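Asker: Take this structure first; my questions come after.
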Amino acid sequence: MGPSALRYAALQTRLEGLGYDVRDQGNIATTDLAALVQGDGRAKYLDEILRYSALLADQVEAATLAGALPLVLGGDHSIAIGVLGGLARAHGRPGAVLWIDAHADMNTPETSPTGNVHGMPVAAIAGYGREWFDRGGWPVPSVDEAQVAMIGVRSIDPEEREVLRRSQVRVVTMAEIDRVGMEAAVEAALDRLRAAPWVHVSLDMDVLDPLHAPGVGTPVPGGITYREAHLMMEMVAESRLMGSLQVVEVNPILDDQNRSARLAVELVCSALGQKIL
Ligand SMILES: [Mn+2]
Numbered sequence: 011m012g013p014s015a016l017r018y019a020a021l022q023t024r025l026e027g028l029g030y031d032v033r034d035q036g037n038i039a040t041t042d043l044a045a046l047v048q049g050d051g052r053a054k055y056l057d058e059i060l061r062y063s064a065l066l067a068d069q070v071e072a073a074t075l076a077g078a079l080p081l082v083l084g085g086d087h088s089i090a091i092g093v094l095g096g097l098a099r100a101h102g103r104p105g106a107v108l109w110i111d112a113h114a115d116m117n118t119p120e121t122s123p124t125g126n127v128h129g130m131p132v133a134a135i136a137g138y139g140r141e142w143f144d145r146g147g148w149p150v151p152s153v154d155e156a157q158v159a160m161i162g163v164r165s166i167d168p169e170e171r172e173v174l175r176r177s178q179v180r181v182v183t184m185a186e187i188d189r190v191g192m193e194a195a196v197e198a199a200l201d202r203l204r205a206a207p208w209v210h211v212s213l214d215m216d217v218l219d220p221l222h223a224p225g226v227g228t229p230v231p232g233g234i235t236y237r238e239a240h241l242m243m244e245m246v247a248e249s250r251l252m253g254s255l256q257v258v259e260v261n262p263i264l265d266d267q268n269r270s271a272r273l274a275v276e277l278v279c280s281a282l283g284q285k286i287l
């Protein structure tokens, strides 16, 4: 339902207003929720996730090779596995990702307290838990760990924290944003990406404070503000680093009159060059 909410919030018309030629490729067909088999509780629904990830990777690869800018709408953040897989395959080498999220999404099936794969995509794309995730027909890792920057993080599980501390991932936490301000925080994150062969931006709407984006699966208080989010996306646009974008975790059932989806559309527009003046 997340992608429907974004379409309903006039995403395509808004992008066309910015001068883009938009081709909506439709939805990736997923199996009906009631018919799904959970499988191993350490990585719930992983077979289905890898099945649609493969379809998604094909579409992202084809769009990239056609010279388009892939914009992927979610949905569950596990879609990042297929998105980054498709990008790495198209570019022929691992790249970089700017991970904008309240969570680090760095669990493996062994460390996850819940078994939810939406808490594992960064680990998966960086090559952790290979025995679980490396069976999709795309390069693993699909990103260079030293070229992963996270921003807005404020909720990390205990074992995930240890994995993160040992990794080369640059984590710009909410505490760092509080101290240095949003502009310097974004610069610090972007610095990690500048040397990369390609850069993907992953926007989880739960990075925003729930006051601004209540319609997300796992809200965490103490997030970034409406204006801070726009500043970040405007800086992403100015950097000219972004080659692809995904916006995830919009959940209309939990939303208030589609305002989180409308905000997501605004932020996508900022990332793609919309300016106030
Ligand atoms: Mn996430």
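Position in the sequence shown counted from 1, then plus 10, gives you the working numbering. Note that beta-carbon positions come from the ideal geometry of N, C-alpha and C, so glycine has one too. Keep in mind the model is a prediction, meaning the values are calculated, not measured.
#1: Give the DSSP-derived three-state secondary structure of H222 in the structure shown.
#2: Is E170 a contact residue of ligand 1, with contact defined as CB to any heavy atom under 8 Å?
#3: Less than 8 Å separating the Cβ of V123 from some heavy atom of ligand 1?
#4: Check whether the region 95-115 touches the region 158-176, taking contact to mean three or more Cβ pairs, one atom from each stretch, closer than 8 Å.
#5: Could you tell me if the beta carbon of V127 falls within a distance shorter than 8 Å of some heavy atom in ligand 1?
#6: Kindly indicate which residue of G85, P123, I135 and V158 has the alpha-carbon position closest to the one of I263.
#7: By Cβ distance below 8 Å, which residues in the same chain neighbour D219 in space, the five residues on each side in sequence not counted?
#8: Quick one: complete beta strand (DSSP E) runs, 3+ long, within the region 182-262?
#9: Between which residues of its own chain and Q178 is the CB-CB distance below 7 Å, once the five residues before and five after are set aside?
#10: Alpha carbon to alpha carbon, how far is H210 from E248? Give it in angstroms, no decimals.
#11: Are the region 98-107 and the region 180-198 touching, with three or more C-beta to C-beta distances below 8 Å?
#12: Have a look at T124, R145, P123 and P119 and flag the residue whose alpha-carbon is nearest the alpha-carbon of A133.
#13: One question on the structure: do G95 and W142 come within less than 9 Å of each other, judged by their Cβ atoms?
#14: For ligand 1, is there a heavy atom less than 8 Å away from the beta-carbon of V82?
#15: Which word fits L75, buried or exposed, when buried means at least 16 other C-beta atoms lie within 10 angstroms of its C-beta?
Answerer: In brief:
#1: coil
#2: no
#3: As written in the sequence, residue 123 is Pro, which differs from the Val given in the question. P123 Cβ: outside cutoff for every heavy atom of ligand 1.
#4: yes
#5: Answer for V127: no, Cβ out of range of ligand 1.
#6: G85
#7: Around D219: P231, G232, G233, I234 and T235.
#8: 209-214 and 252-258
#9: Once the five neighbours on either side are set aside, the close Cβ partners of Q178 are E155 and A156.
#10: 15 Å
#11: no
#12: P119
#13: A distance of 9 Å or more separates the beta carbons of G95 and W142.
#14: no
#15: exposed
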